[in-house]
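Heads up: the structure comes next, in structure tokens.
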Amino acid sequence: MRASEEKRIVKTLRITGITLLGFIVLIWVVAQIALLGSSGGLIDFFQGQMSPEVEIMSGRATATEPPVQVQASVDTNTIVHETSAEYLSFALDTSQIVGGKWWDPEADDVEIGSGDVHAPIFEFRPKFENLVKALTPAVLRIGGSEADKVYYDMRAEPGERPEPPQGYESVLTPEMFDNVVEFADRVPGLRLQFTLNAGPSARDKDGAWDSENAITLLDYAKRNNRNVDIWELGNELNLYWFMYGLSKVVSTEQYAKDVHEARAAVKERFPQTPFSGQGSAFWPVFGEPLQVMYGFQEDYLVRSGKDTDIVSWHYYPQQSRRGPIHSRKAAPGRLLNPDNLDEVAHWGREVMEWRDEFAPGKPIWLGETGNAQFGGEPGVSDAYIGGLWWLDQLGLLATLKHDVIVRQTITGMNYGMLEAKTLDPLPDYWNSLLWKRLMGQRVLSVSKANQTESEGASDETEESRKVRLYAHCSKDGGGGITMLAINLNHDRKAIVQIPQFSDQMQQFYAVTTRDVLGQSLTINGKEPKVGNEGIPDRILPVETKPEKAGMELEPLGYGFLVLPEAGAKACP
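So for the sequence shown, our numbering puts the first residue at 351; every next one is plus one.
Right, here's the structure in full:
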């Protein structure tokens with residue numbers, strides 16, 4: 351081979367190498383930009399694409415390792431926070447009310463936007479009414495992505511289904527609106543939140559919000575005495591670039607004007623009714639996606655904190671198979687990692703700081719949350735295993751001074767708490783019912799020390815980190831407290847001791863299952879039931895007065911321990 355030919359080959363290889371290196375650097379730079387403001391880095395992102403360390407199979411979780419022992423203590427003299435009475439709340443998606451596009455129940459393909467299949471219009475059956483009554487007091491939110499695509503036709507006749515005008519995707523009629531409002535009126539303790547359209551269809555050619563159509567709905571509600579307890583403007587404006595394209599992005603400056611106008615329209619007709627601005631979507635790892643370019647929440651509060659009565663944000667800890675993008679793919683064992691559960695606290699603290707600075711005194715709502723974004727993950731979000739996440743997030747955010755948590759959804763798709771067709775309770779309905787009946791509004795501080803290696807050791811092992819503990823004043827007060835303990839260990843029991851309450855009466859509700867990937871659970875060995883009309887049967891505890899207070903949890907088990915004789919000064 352001639353020297354000139356060798357030089358040409360070497361030069362070509364150099365250019366190829368430099369080009370490849372430049373491409374890698376470019377990808378790295380883009381990734382770093384995407385992760386600016388995130389809770390982790392590229393390693394966290396890649397871990398979210400791989401299978402979790404713990405693989406969970408169907409069937410009962412069995413102990414193959416020695417139990418982890420944890421000693422806990424509760425500060426009964428002071429409270430961390432007092433939540434709203436409606437702390438545990440829930441939603442129906444706007445798609446369910448208007449028959450708009452939503453997620454495909456089959457979940458066998460990737461879907462764009464907010465789904466490909468039209469949802470059936472929801473029927474407010476007596477069974478549903480009774481099941482909801484058992485979870486009050488609560489807020490029922492009507493919202494979601496479809497809320498920003500709806501036209502309000504307040505002249506439509508009963509039974510009429512008008513076609514949406516150009517630019518809109520669905521229509522809300524008086525009959526649909528009345529069905530929701532009348533249902534909320536029939537259920538004592540149920541407050542209704544309604545999300546108004548702030549999407550591209552409700553904007554003029556300059557991108558400003560056009561209030562005309564929303565005012566027809568507000569006027570209809572006023573004229574016909576239709577009570578809405580909270581009005582909200584728009585859904586997740588920080589994702590408009592993803593939902594509608596870059597040309598439809600709304601600036602925080604423009605949205606501040608929209609909020610001011612919408613608030614004035616609401617207050618003119620309903621002076622005492624709270625008004626809320628949007629809640630931005632926070633994704634696992636990323637936070638607000640592409641925050642450096644499209645971050646919204648902080649600047650929105652800077653500009654509009656004075657005009658919103660509620661500081662709301664949205665969060666899902668993982669994403670289902672339906673989604674085109676995953677920052678953390680849903681899997682049965684994904685949320686058994688305490689770091690993944692704790693991420694909600696990272697974003698929750700950030701929102702708290704913004705609230706304190708720009709909207710002081712306003713309540714914080716996690717205005718939309720579910721086990722997995724994009725409709726929930728089949729066999730995970732609707733299964734027993736999903737309940738460990740749900741109860742942990744309720745306990746954790748109460749310590750971070752959140753006032754309301756809105757579960758997406760009460761029924762519908764895989765993240766619902768009731769099976770969509772039969773309305774039969776899924777595990778998270780029973781978990782929510784136990785929370786409602788046993789956990790009061792006053793939040794207490796719990797500390798723990800791992801005892802696996804040595805008596806009273808203070809350094810936590812990985813196994814003891816997987817024992818999550820929370821405490822509230824009991825629902826009935828009177829000095830009593832209720833503790834929630836969750837065992838994320840799949841291969842060992844957890845023994846929780848609380849020496850300060852020894853020789854006292856305790857009432858224990860132990861929750862476990864025959865199949866961690868199934869849709870049933872047992873409470874103290876019995877499967878809870880509802881009657882034909884949807885009224886839950888009474889759930890009884892196991893009462894004891896042990897020498898040493900505490901509880902024993904099965905692998906992937908959890909329980910509520912009521913201590914009515916605790917004498918907590920913080921719980922009058």
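Backbone N, C-alpha and C define an ideal beta-carbon position, used for all residues, glycine too.
I'd like to check one pair, Asp778 with Met789: are the Cβ atoms closer than 9 angstroms? Here residue 789 is taken as the residue at index 439 of the sequence shown, counted from 1. Here residue 778 is taken as the residue at index 428 of the sequence shown, counted from 1. Contact annotation: Met789 and Asp778 have beta-carbon atoms that are not nearer than 9 angstroms.
Local conformation of Leu741 per DSSP, three classes: Here the question's residue 741 lines up with position 391 in the sequence shown. Look at Leu741 here: in three-state DSSP terms it is helix.
Nearest to Thr444 by CA position, among Val500, Arg410 and Ile889, is which residue? Position 94 of the sequence shown, counted from the first residue, corresponds to residue 444. The option with the nearest alpha carbon to Thr444 is Val500.
State the Cα-Cα distance for the pair Ala930 and Arg818, rounded to the nearest angstrom. In the structure as shown, the chain begins at 351 and stops at 922. Residue 930 is therefore absent and cannot be evaluated.
Using the Cβ count rule (16 or more neighbours within 10 Å means buried), how would you classify Ala614? Here residue 614 refers to the residue found at position 264 of the sequence shown. Classification for Ala614: exposed.
Going by beta carbon distance, what residues of the same chain come within less than 6 angstroms of Leu542, once the five residues before and after it are set aside? The count along the sequence shown starts at 1 and reaches residue 542 at position 192. Cβ within range, chain order: Leu490, Ala534, Val578 and Asp579.
Would you say Ser911 and Thr862 are within 9 angstroms of each other, going by their C-beta atoms? Taking the sequence shown and counting its residues from 1, the one referred to as residue 911 is at position 561. Taking the sequence shown and counting its residues from 1, the one referred to as residue 862 is at position 512. One detail in the question is off: residue 911 reads as Leu in this sequence, not Ser. The answer is no: Cβ separation not under 9 angstroms.
Okay, do the segment 663–672 and the segment 455–463 touch, 3+ Cβ pairs below 8 angstroms being the bar? The segment 663–672, when compared against the segment 455–463, does touch it at the 8 angstroms Cβ threshold.
For Ala709 and Gly827, the rounded distance between their alpha carbons: In the sequence shown, the residue the question calls residue 827 occupies position 477. In the sequence shown, the residue the question calls residue 709 occupies position 359. Rounded to whole angstroms, the separation of the alpha carbons of Ala709 and Gly827 is 31 angstroms.
Which residues mark the beginning and the end of the beta strand (DSSP E) in which Arg491 is found? By one-based count along the sequence shown, residue 491 stands at place 141. For Arg491, the enclosing beta strand (DSSP E) has its first and last residue at Ala488 to Gly493.
Using the C-alpha atoms, what's the distance from Ala422 back to Val531? The residue given as residue 531 occupies position 181 in the sequence shown. The residue given as residue 422 occupies position 72 in the sequence shown. Taking the straight line joining both Cα atoms gives about 45 angstroms.
Please return the same chain residues whose Cβ sits closer than 8 angstroms to the Cβ of Gly509, not counting the five positions on each side in sequence. Here the question's residue 509 lines up with position 159 in the sequence shown. Only Glu525 meet the Cβ criterion.
Assign Thr545 to one of three DSSP states: helix, strand, or coil. Translated into positions along the sequence shown, residue 545 becomes position 195. If DSSP states are grouped into helix, strand and coil, Thr545 belongs with the strands.
Evaluate Pro886 with the Cβ neighbour count: other Cβ atoms within 10 Å of its Cβ, from every protein chain shown; 16 or more gives buried, anything less gives exposed. On the sequence shown, position 536 is the one that residue 886 refers to. A buried status is given to Pro886, since no fewer than 16 other beta-carbon atoms sit within 10 Å of its beta-carbon.
Alpha helix (DSSP H) runs wholly inside the segment 769–798, at least 4 long, in chain order: Within the segment 769–798, the complete alpha helix (DSSP H) segments at least 4 residues long are 777–788, listed from N- to C-terminus.
According to the Cβ coordinates, are Lys919 and Asn427 closer than 9 angstroms? Position 569 of the sequence shown, counted from the first residue, corresponds to residue 919. Position 77 of the sequence shown, counted from the first residue, corresponds to residue 427. Cβ distance < 9 angstroms, so Lys919 and Asn427 count as in contact.
Residue ranges of each beta strand (DSSP E) run of no fewer than 3 residues wholly in the segment 395–425, ordered along the chain? Runs of the beta strand (DSSP E) inside the segment 395–425: 418–425.
For the segment 614–630 against the segment 651–664, do three or more pairs of beta-carbon atoms, one drawn from each stretch, fall closer than 8 angstroms, so that the two count as touching? Between the segment 614–630 and the segment 651–664 there are three or more inter-stretch CB-CB distances shorter than 8 angstroms, so the stretches are counted as touching.
Could you give the first and the last residue of the continuous alpha helix (DSSP H) run that contains Ala457? Residue numbering aside, residue 457 sits at position 107 when the sequence shown is read from its first letter. Taken as a continuous stretch (DSSP letters only), Ala457 belongs to no alpha helix (DSSP H), as it is neither H nor E.
If you reduce the DSSP assignment to three classes, tell me which class Gly698 lands in. As a first step, residue 698 must be located in the sequence shown, where it is residue number 348. Gly698 falls in the helix class under three-state DSSP.
Among the residues of its own chain, which have a CB less than 6 angstroms from the CB of Thr566, if the five just before and after it don't count? Taking the sequence shown and counting its residues from 1, one reaches residue 566 at position 216. In the same chain as Thr566, and ignoring 5 residues on each side of it, the C-beta atoms closer than 6 angstroms to its own belong to Tyr502 and Met504, in chain order.
Is Ile831 helix, strand or coil when you go by DSSP? The count along the sequence shown starts at 1 and reaches residue 831 at position 481. Correct three-state label for Ile831: strand.
Residue environment, Pro667, which counts as buried when at least 16 other CB atoms sit within 10 Å: The residue labelled residue 667 in the question sits at position 317 within the sequence shown. It is buried - the Cβ of Pro667 has at least 16 other Cβ atoms within 10 Å.
Could you name the residues of the same chain whose beta carbon sits closer than 6 angstroms to that of Gln382, not counting the 5 residues immediately before and after it, in chain order? By one-based count along the sequence shown, residue 382 stands at place 32. Per-residue confidence for Gln382 stands at a pLDDT of 48, beneath the threshold of 50, marking its modelled position as unreliable; no derived number is given.
For Glu904, which residues from the same chain have a beta carbon less than 8 angstroms from its beta carbon, with the 5 sequence-adjacent residues on both sides left out? Your numbering for residue 904 matches position 554 in the sequence shown. Its chain contains Ala411, Ala413, Asn837, Lys843, Ala860 and Thr862 as the residues whose beta carbon lies nearer than 8 angstroms to that of Glu904, once the 5 sequence neighbours on both sides are disregarded; these appear in chain order.
Between the beta-carbon of Gly557 and the beta-carbon of Gln604, is there less than 9 angstroms? Your numbering for residue 557 matches position 207 in the sequence shown. Your numbering for residue 604 matches position 254 in the sequence shown. Yes.
Sorted by chain position, which residues of the same chain lie with C-beta nearer than 6 angstroms to Asn480's C-beta, five sequence neighbours on each side aside? Here residue 480 refers to the residue found at position 130 when the sequence shown is read from its first residue. Closer than 6 angstroms at the Cβ level, and outside the excluded window around Asn480, lie Glu883, Gly884 and Ile885.
Quick check for students: name the residue ranges of the beta strand (DSSP E) that lie wholly in the segment 560–624, counting only runs of 3 or more. When DSSP assignments are scanned along the segment 560–624, the uninterrupted stretches of beta strand (DSSP E) that are 3 or more residues long and fall wholly within it turn out to be 580–583.
For Thr730, which residues does DSSP report across the bridge? Here residue 730 corresponds to residue number 380 of the sequence shown, with the count starting at 1. Position check: residue 730 holds Val in this sequence, whereas Thr was assumed. Answer is none; Val730 lacks a bridge partner.
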